[in-house]
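**Q** There's a structure below that I have some questions on.
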Amino acid sequence: MNLLSDPRWSDALTRLPDYLGSHVRVSLAALALGLLISFPLALIVRRQPVLRDIVLGIASIVQTVPGLALLALFYPLLLALAGLSLQWFGHGFSAFGFLPSVLALALYSMLPVLRNTITGLQGIDPAILEAAEGVGMTQRQTLTMVELPLALPVIMAGIRTAAVWVIGTATLSTPIGQTSLGNYIFAGLQTQNWVFVLFGCVAAAALALAVDQLLALIEGGVRMHSRPRIVLGCLGLGALIAATLMPSMARAKTSIIVGAKTFTEQYILSSLIAQRLQAAGLAATPREGLGSNVIFEALASGDIDVYVDYSGTLWANQLKRTEIKPRKELLSELTTTLKDKHGISLLGELGFDNAYALVMPRKRAEELGIRTIADLVPRAASLSIAGDYEFFSRPEWAALRQSYNLSFRQQRQMQPDFMYAAVASGEVDVIAGYTSDGLIAKYDLVVLGDPKSAIPPYDAIVLISPKRTGDQALRDALQPLLGKIDIATMREANLRAANGDSTSSPDAVARWLWGKIGKR
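Heads up, the sequence shown is in our numbering, so the first residue is 4 and it goes up one at a time.
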């Protein structure tokens, strides 16, 4: 079978220039910044034991912080600094994607460069340094003409390690808005597209291996005093960088950026929006796998232009409201507040809602006599619950616990699609699922009623950034989607995307979805 005939492989190859170019760009910038900081710092502290130990200790501590956490921490910090810059100087900057990724990855690159530079310089035979001093060399001359040339092979080994670390960790920058080879992995995990997951892993490994081997060629040239090796390695790096950066830099700068969160439905809807924009002659680029707060702030600041959110999420997370209002009243107040406070336009509703809901296997719920969350309360202490990565820190969970006094034996966090398989197999007893998810029907699960209405309405709504609010072409292109997607159709679309075959990519499902609703 020809791999290119499989839509998943051809889709992966189509995305490669953008993903690879963006990955190289952020990795290169981070490595360069890390070197600019680490190398001079190593030279300063190499002969000061106390300061040297402090610097190496701090760099070592950075390495113990999980990569995704370090990347995520920079986003709110830079967002606050951007706000202050705008307030004090009248100019802000983007805290989305590239900048937080570069800063976090630069920190990750520092330890091997620091350690190897210091080790290489300290490993030089003292007799050589005495001889240099004896012939009248100054400290600067000794450093540049004796110490650095002798230590350079060890220093280059540290740079090789740093490069591999940065390239590998850069795959984790997707959730904060930086396009990278991690887009394959995050999208593949959410949509069960294992071709994407494999493609992303292999591409990242191949890039790291290629860079490492080219740096090894330069290192060998330095060690053996072979100028051809050094030149060949440098030319190879230059060619690799040019080949990966040129296609992504040629992308249209006026492209409309379509955002998506971290679950299957969002990938489908972002593909649907992009397809409708492209059908109207507008350039559209997806920016997927973003957290709820990250994607909203990115829209408000103009880093993305349009995405689908849910009324209950915005009501609880952005407006910090705890009271539950009727659907129309909530949407009306939400529309006004988003416009007045953030400049964001609520274009309209898609026609379905996707609320959080507590879900159990139908057979298990019937055995225990559980139909609603209130029925669950007396048994919760002996049961386990799983939610997505956000749920247990969200206001909805706090509202459920407060309204029903819920207390489970165990709480677990899982990738959303895995939750359904886990509850169906009995690995957990209850999950915080989504009412529009087709996996509920696939696994014969039941949604528990919410008699106290602790969870607000979750209408799917299209939001437009302040800078695009007057873009009539964008509005006209998306108008045919409003009010056309009912809950049954969205469940079927989500189920199709969970099949894991060649017809289940978000793009393919989005085309099917338009075929269903475009006739209405």
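Note that CB positions come from ideal geometry on N, CA and C, so glycine has one too.
Keep in mind the model is a prediction, meaning the values are calculated, not measured.
#1: Using 8 Å as the threshold, is the C-beta distance between G262 and L238 below it?
#2: What's the C-alpha gap between T338 and G351?
#3: Would you call the region 264 to 284 in contact with the region 510 to 518, where contact means no fewer than 3 C-beta pairs closer than 8 Å?
#4: Count the C-beta pairs between the region 69 to 79 and the region 98 to 108 that are closer than 8 Å, then say yes if the count reaches three, no if not.
#5: Which two residues bound the contiguous alpha helix (DSSP H) that contains F421?
#6: With which residues is V214 paired in a DSSP beta bridge?
#7: Please state the DSSP three-state secondary structure of M4.
#8: Let's test the definition: count the other Cβ atoms within 10 Å of the Cβ of E369 and tell me whether it reaches 16, buried, or not, exposed.
#9: What is the DSSP secondary structure of I458, reduced to helix, strand or coil?
#10: Mind checking S428: buried by the 16 CB within 10 Å criterion, or exposed?
#11: Can you find the residues in the same chain that come closer than 6 Å, C-beta to C-beta, to G224, ignoring five residues on each side of it along the sequence?
#12: Check V169 in the structure and name its three-state DSSP category.
#13: So, for I434: in the same chain, excluding its five sequence neighbours on each side, which residues have a beta-carbon less than 6 Å away from its beta-carbon?
#14: Between the Cα of E393 and the Cα atoms of G60, Q414 and P52, which residue gives the shortest distance?
#15: Starting from M525, follow its DSSP beta bridges and name the residues at the other end.
#16: Determine the direct distance from the alpha carbon of R163 to that of M4, and round the result to whole angstroms.
#17: Go through its chain and collect everything with a Cβ distance to G191's Cβ below 6 Å, but skip five positions before and after it.
#18: At which residues does the alpha helix (DSSP H) containing A513 begin and terminate?
#19: Counting only the same chain and skipping the five closest in sequence on each side, list residues whose C-beta sits under 6 Å from that of Y437.
#20: I'd like to check one pair, S97 with D306: are the Cβ atoms closer than 8 Å?
#21: Would you decide whether E399 is buried or exposed? Buried here means 16 or more other CB atoms lie within 10 Å of its CB.
#22: By DSSP's criteria, V261 is part of a beta bridge. Which residues make up the other side?
#23: Could you check where the beta strand (DSSP E) with F3 kicks off and where it finishes?
#24: Between the Cα of R330 and the Cα atoms of V431, P381, S456 and L442, which residue gives the shortest distance?
#25: Note down the Cα distance separating K328 from I373, rounded to an integer number of angstroms.
#26: In angstroms with no decimal places, state the Cα-to-Cα distance between G241 and I298.
#27: Decide if the region 50 to 69 is in contact with the region 80 to 89; the criterion is three or more beta carbon pairs, one per stretch, under 8 Å apart.
#28: Taking the alpha-carbon positions, what's the A401 to S41 distance?
#29: Look at the Cβ atom of I467, then the Cβ atom of L477, and state whether they are nearer than 8 Å.
#30: Going by DSSP in three states, Y437 sits in which element: helix, strand or coil?
#31: Would you decide whether V138 is buried or exposed? Buried here means 16 or more other CB atoms lie within 10 Å of its CB.
#32: Looking at the structure shown, is M113 part of a helix, part of a strand, or coil, going by DSSP?
#33: Determine the direct distance from the alpha carbon of G123 to that of L146, and round the result to whole angstroms.
#34: Could you tell me the alpha carbon to alpha carbon distance between I259 and L481, rounded to whole angstroms?
#35: Step through the CB atoms of chain B and report whether any lies within less than 8 Å of the CB of D489.
#36: Based on Cα-Cα distance, which residue from P156, L317, Y461 and P115 lies nearest to A219?
**A** Working from what's here:
#1: no
#2: 9 Å
#3: yes
#4: yes
#5: P419 to S428
#6: None, per the DSSP bridge assignment.
#7: Residue confidence is low: M4 scores 44 on pLDDT, short of 50, so the model does not pin down where it sits. No coordinate-derived value is stated.
#8: exposed
#9: coil
#10: exposed
#11: R232 and I233
#12: helix
#13: V362, A389, M422 and V426
#14: Q414
#15: The requested residue 525 is not part of the displayed model; the chain covers only 4 to 523.
#16: Reliability of the predicted coordinates at M4 is poor, the pLDDT of 44 falling under 50, and no value is obtained from them.
#17: F199 and V200
#18: P509 to I520
#19: N357
#20: yes
#21: buried
#22: P289 and V309
#23: No answer is possible for residue 3: it lies beyond the span of the chain, which begins at 4 and ends at 523.
#24: S456
#25: 27 Å
#26: 34 Å
#27: no
#28: 44 Å
#29: yes
#30: strand
#31: exposed
#32: helix
#33: 12 Å
#34: 13 Å
#35: Absent from the structure: chain B. Only one protein chain is present.
#36: P156
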